[in-house]
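Residue numbers (my numbering): 2 to 508.
So this is what it looks like as structure tokens:
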């Protein structure tokens, strides 16, 4: 064995420890870089030299530089991140609906309707009072305006959510393209057998961001490329990335679709995109449906009572509430029909008859033509404040709120369109309180769900950070070890140099 071979061994040690020191320095430099995975140098003994007396080592070689990454932890983080994103988005959207209603409040719809019923009670006490009639009309108009505003604000919230969903899908498409591009670069870079660590970090970061938008699963192929599914649909495969867009399914529900198959509706799955789709299909729509049903029932009940009255000429009185779109009221109109028929009163269209606004004295209080100053109509309407039914002029008025639950049916070739089913007789206060309470329960459940998933996601990220994160204390220890090894290798070089001098002097 020659001195040159000893120098070669020492040189390999110096080179290897330089790589270790450089990698440790890079880890320390990126200790606070989001998404950076700690890198480690894999060292391996060089092929030994065979002699008759045995094999002698020839030094060390750098086998590779690998990332500290655990796929199981990555999967856990992405699942919990998607759940966290969905829960927090749902909680935020439902809270926005709750803010629209603003209950309990002295200035909310419950208070406005309480004042409306009180106005009828006051009118029953002085049925000939023009001022009392004007108050009833004013309070009815105030309640109608509040319902209009609620519907408008909920419609705005739906529009904002739709825009946010479109933006999220655009973001998902950008991330999909980025992942596909990184797949191509990684396959090319790793063709020689070494890992492209920084590129893989960038790809994992993109997948992590995509997991916030929907349920993501990944599969890494032998060539280093990654297949990514969004929900149960393949979004990225190698260098190919599909594009998502918003659509509606056969039932008119918000759904997703690939841009190359726009008519094939896909159910949203996980992440903030599902939370937004669920909100558009259920959360906001449900509250709007309940307000529409409430406005329609209010108009029907009040108009049915008022219709028992007569004007000065003895003719039946016109409706109190009408649709502001055509100034009419159709009691049989379905408040959930699209498009609405003439005279359909909903939260968006309800208003007080303009003839009563112009002349409140025309508001009848009696069902008797012979006794126009009687108060049975006013008493009947005041009674709806606390009762689900009220009788006047031989007619029983029931405060029965419809809902959207009855589907269209087909029998014997005849199709019956979807009609509103009945929730049963109730009072305005009870139904509205149930709406507000139900929304409050949803918000509380969403808040609890968000807290739970935020905690779980934080724990999952902490577990992963313990594996792929940079511990500066550990890196400093590795640095000192590499420094000592480098110094020892340098000492070998120095020793060989002295040995060579000795040999030269002997010649």
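Every residue, glycine too, gets a C-beta built ideally from N, C-alpha and C.
Because the structure is a prediction, the values reported are computed rather than measured.
| query | result |
| --- | --- |
| Bridge partner(s) assigned by DSSP for residue 44 | 63 |
| Cα-Cα separation between residue 181 and residue 168, rounded to whole angstroms | 20 Å |
| Secondary structure of residue 245, DSSP reduced to three states | strand |
| Where residue 387 falls: helix, strand or coil (DSSP) | coil |
| Residue from 82, 47 and 376 with nearest C-alpha to residue 457 | 82 |
| Cβ neighbour criterion (16 or more within 10 Å) applied to residue 422 | Caution is warranted here: a pLDDT of 49 is assigned to residue 422, below 50, making its placement in the model unreliable, and the coordinate value is therefore given only provisionally. Answer is exposed; the Cβ neighbour count stays below 16. |
| Residue ranges of each alpha helix (DSSP H) within the stretch 68 to 153, 4 or longer | 72 to 102 and 110 to 126 |
| As assigned by DSSP and simplified to three states, the class of residue 349 | coil |
| Where the alpha helix (DSSP H) through residue 499 begins and ends | 473 to 507 |
| Between the CA atoms of residue 47 and residue 477 - distance to the nearest angstrom | 27 Å |
| Sequence-distant residues of its chain with Cβ nearer than 7 Å to residue 247 (five each side left out) | 166, 167, 170, 255 and 257 |
| Inter-residue CB distance, residue 227 and residue 204 (contact presumed, cutoff 8 Å) | 6 Å |
| Per DSSP, the bridge partner or partners of residue 50 | 57 |
| Nearest-angstrom Cα separation, counted from residue 220 out to residue 408 | For residue 408, the predicted model reports a pLDDT of 49, less than 50, meaning its position is unreliable; a value from the coordinates is still stated below. Computed Cα separation, rounded: 42 Å. |
| Strand pairing of residue 235, partner residues [DSSP] | 230 |
| As assigned by DSSP and simplified to three states, the class of residue 13 | helix |
| Sufficient close CB pairs (3 or more, under 8 Å) joining the stretch 31 to 47 to the stretch 94 to 110 | no |
| Per-residue DSSP class, three states only, for residue 339 | coil |
| The stretch 304 to 311 / the stretch 354 to 368 touching (three or more Cβ pairs under 8 Å) | yes |
| Proximity of residue 155 and residue 288 at Cβ, strictly below 8 Å | yes |
| Boundaries of the alpha helix (DSSP H) in which residue 295 is found, first to last residue | 285 to 307 |
| Exposure label - residue 412; buried when at least 16 CB within 10 Å | In this prediction, residue 412 has a pLDDT of 46, which is less than 50 and means its spatial position is unreliable; what the coordinates show is noted afterwards. So residue 412 counts as exposed. |
| Spatial neighbours of residue 283 in its chain, beta-carbon cut-off 8 Å, leaving aside the 5 residues before and after | none |
| Chain-order list of residues whose beta-carbon lies under 8 Å from that of residue 128 (same chain, five-residue window excluded) | 366, 367, 374, 375, 376 and 379 |
| Reduced DSSP secondary structure (H/G/I, E/B, other) of residue 456 | helix |
| DSSP beta-bridge partners of residue 379 | DSSP, once it has assigned bridges, lists no residue as partnering residue 379. |
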